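Residue numbers (this note's numbering): 376 to 883.
Just so it is clear, CB atoms sit at the ideal spot from N, CA and C, and this is done for glycine as well.
Values in this document were obtained by computation on a predicted structure and should not be read as measured data.
Quick notes on the structure that follows.
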């Protein structure tokens with residue numbers, strides 16, 4: 376299974392970064408994988424890919440070969456290019472981490488790698504070939520991206536008390552009010568700009584394009600589940616096997632008890648996410664798979680603690696230890712390590728949509744400017760106005776509308792609590808996923824460009840995924856998600872703006 380191979384490769388690469396030695400074993404493993412025969416993938420019509428996007432096609436191919444059977448197409452063997460492509464992105468991330476560490480650069484290395492890769496794709500003669508090579512890996516990382524920031528939610532109980540109910544209500548008010556402000560200010564600004572520049576270009580999103588309508592008729596009425604039965608069963612069996620091994624090693628006081636427990640919790644987390652993603656859509660729209668995964672992982676940790684005589688708190692502390700050493704690394708550390716290549720792979724998404732970005736440059740720049748500056752400084756001002764007691768909570772709220780990998784980086788730069796920041800991001804995303812499109816409908820914003828840029832800026836990846844059926848708005852939402860996160864990270868990395876933002880939030 377590709378995801379397990381990728382996790383194994385990421386673990387070895389993480390240890391390589393920590394120890395600083397050449398990863399010959401990784402190369403040998405990759406060489407072994409590439410020597411396996413594989414069949415040619417079938418081409419699948421994707422109703423959302425009206426431009427024939429290689430990234431979306433790669434995601435469809437990766438999904439078909441990972442999950443067995445989709446839309447009645449026979450199962451194909453795992454394609455070697457997907458693992459190789461993902462490993463190349465992993466290697467790029469490792470290389471940039473080591474380079475930034477060596478040069479003592481405080482800017483997030485993953486975002487630096489994303490920018491460098493995007494520029495390389497645009498300028499180098501072999502950029503298009505590089506894009507085609509890296510697209511399958513980017514699609515695989517995108518498919519599993521939500522589970523990579525589950526560790527920050529799982530360890531949320533370790534965060535100190537945020538205060539009484541009045542403080543919780545203030546935090547909720549900032550998150551909900553901030554979402555409304557960012558969504559409406561961004562979408563409204565884009566509509567205004569488009570009316571000035573090209574009034575005739577404003578679209579009604581719902582009924583455009585006969586070609587698109589033709590493609591949609593080729594799609595099945597009932598969408599396939601996110602993951603196949605085979606994937607679920609394999610992960611369940613892996614969880615059971617590693618769970619038994621973890622209990623046995625704990626009772627025998629084996630020196631390998633910690634890594635075996637980490638492997639068990641890693642398998643369980645992946646299974647819990649897949650289980651949550653396969654639940655009926657009516658349920659998952661209310662309870663996101665991330666929430667389901669977190670709750671089930673807590674239940675798993677509680678059960679394991681009761682069997683082994685440990686405590687729930689000790690299980691959570693072992694889940695994310697903050698180290699990459701083989702004998703002390705936790706399941707959460709492996710998943711968090713994969714956030715790096717996931718951020719680097721955003722360059723593939725931006726390159727794939729470069730034509731849309733170029734054709735609508737003014738609208739994109741307007742949306743990113745309003746969403747980034749308004750989101751950061753507006754949130755800081757409101758958090759101070761409401762007199763939220765904890766400075767850490769105020770700073771953690773500033774990245775509420777940023778996709779989680781870079782929200783974690785922003786929280787670290789500003790001195791906020793990473794787990795709390797991710798929780799705020801998830802709550803914002805859930806609000807956007809459930810109500811974003813309805814809010815825009817209610818205020819009469821029908822233009823596809825404005826809808827996509829507004830939702831992507833206000834509700835990042837979860838909101839973007841929710842409008843996947845709005846074929847003209849979806850690409851702009853993906854663009855806004857990536858560029859807003861990048862812009863905000865760059866802004867808080869500027870010392871003068873960082874000081875100004877902290878002063879505005881804390882009043883010091």
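Among residues of its own chain, excluding the 5 on either side of residue i, which ones have a beta-carbon nearer than 6 Å to its beta-carbon?
i, result
"residue 795", "534 and 771"
"residue 881", "766"
"residue 859", "743, 746, 747 and 832"
"residue 872", "866"
"residue 693", "705"
"residue 711", "526"
"residue 620", "635"
"residue 707", "526, 694 and 695"
"residue 502", "496"
"residue 714", "523 and 780"
Would DSSP call residue i helix, strand or coil?
i, result
"residue 822", "coil"
"residue 591", "For residue 591, the predicted structure reports a pLDDT of 34, less than 50, and the residue's modelled location is therefore unreliable. The matter cannot be settled from this model."
"residue 490", "helix"
"residue 626", "helix"
"residue 785", "helix"
"residue 792", "coil"
"residue 539", "coil"
"residue 573", "coil"
"residue 432", "Since pLDDT at residue 432 reaches only 46, below the 50 mark, its modelled position is unreliable, and no value is offered."
"residue 658", "helix"
"residue 504", "helix"
"residue 848", "coil"
"residue 546", "helix"
"residue 883", "coil"
"residue 663", "coil"
"residue 698", "coil"
"residue 829", "helix"
"residue 481", "coil"
"residue 775", "coil"
"residue 653", "coil"
Have a look at the options and flag the residue whose alpha-carbon is nearest the alpha-carbon of residue i.
i, options, result
"residue 547", "854, 769 and 809", "769"
"residue 719", "739, 780 and 730", "780"
"residue 625", "639, 480 and 613", "639"
"residue 628", "684, 484, 541 and 472", "684"
"residue 723", "458, 464, 455 and 459", "464"
"residue 458", "515, 480, 495 and 497", "515"
"residue 807", "651, 778, 783 and 472", "778"
"residue 602", "651, 558, 616 and 700", "651"
"residue 505", "511, 496 and 513", "496"
"residue 854", "844, 836 and 868", "836"
"residue 661", "805, 874, 568 and 821", "805"
"residue 750", "552, 476 and 618", "552"
"residue 754", "741, 799 and 644", "799"
"residue 462", "511, 609 and 793", "511"
"residue 537", "764, 518 and 688", "764"
"residue 756", "572, 875, 485 and 571", "875"
"residue 784", "474, 477 and 485", "485"
"residue 688", "571, 531, 477 and 782", "531"
"residue 673", "659, 664, 656 and 644", "644"
"residue 654", "539, 846, 604 and 630", "604"
"residue 563", "729, 819, 472 and 773", "819"
"residue 878", "790, 725 and 686", "790"
"residue 542", "475, 758 and 470", "758"
Under the assumption that residue i contacts residue j (Cβ atoms under 8 Å), give the Cβ distance between them as a whole number of angstroms.
i, j, result
"residue 833", "residue 524", "Actually they are not in contact, since the Cβ atoms of residue 833 and residue 524 sit about 19 Å apart, beyond 8 Å."
"residue 831", "residue 839", "5 Å"
"residue 745", "residue 561", "5 Å"
"residue 468", "residue 488", "6 Å"
"residue 649", "residue 607", "5 Å"
"residue 717", "residue 520", "5 Å"
"residue 633", "residue 647", "No, residue 633 and residue 647 are not in contact; Cβ-Cβ is about 21 Å, not under 8 Å."
"residue 569", "residue 816", "Not confirmed; about 18 Å, so no contact."
"residue 509", "residue 460", "5 Å"
"residue 558", "residue 811", "6 Å"
"residue 699", "residue 851", "Wrong, their Cβ atoms sit about 37 Å apart, outside the cutoff."
Considering only residues of the same chain and omitting the five flanking positions on each side of residue i, which have a CB-CB separation below 7 Å?
i, result
"residue 803", "550, 554, 775, 776 and 834"
"residue 690", "676, 679 and 680"
"residue 721", "489 and 857"
"residue 870", "none"
"residue 669", "525, 528 and 529"
"residue 738", "565, 568, 569, 824 and 828"
"residue 613", "642"
"residue 572", "737"
Once you ignore the five residues that flank residue i on each side, which residues in its own chain have a CB closer than 8 Å to its CB?
i, result
"residue 682", "622"
"residue 868", "481, 482, 483 and 788"
"residue 842", "811, 812, 826, 827, 830, 848, 849 and 852"
Are there any heavy atoms of the ligand FMN lying less than 8 Å away from the beta-carbon of residue i, as far as the coordinates show?
i, result
"residue 854", "This structure simply doesn't include the ligand FMN, nor any ligand for that matter."
Counting contacts by CB-CB distance shorter than 9 Å, is residue i in contact with chain B?
i, result
"residue 838", "Any reference to chain B falls outside this structure, which holds one protein chain only."
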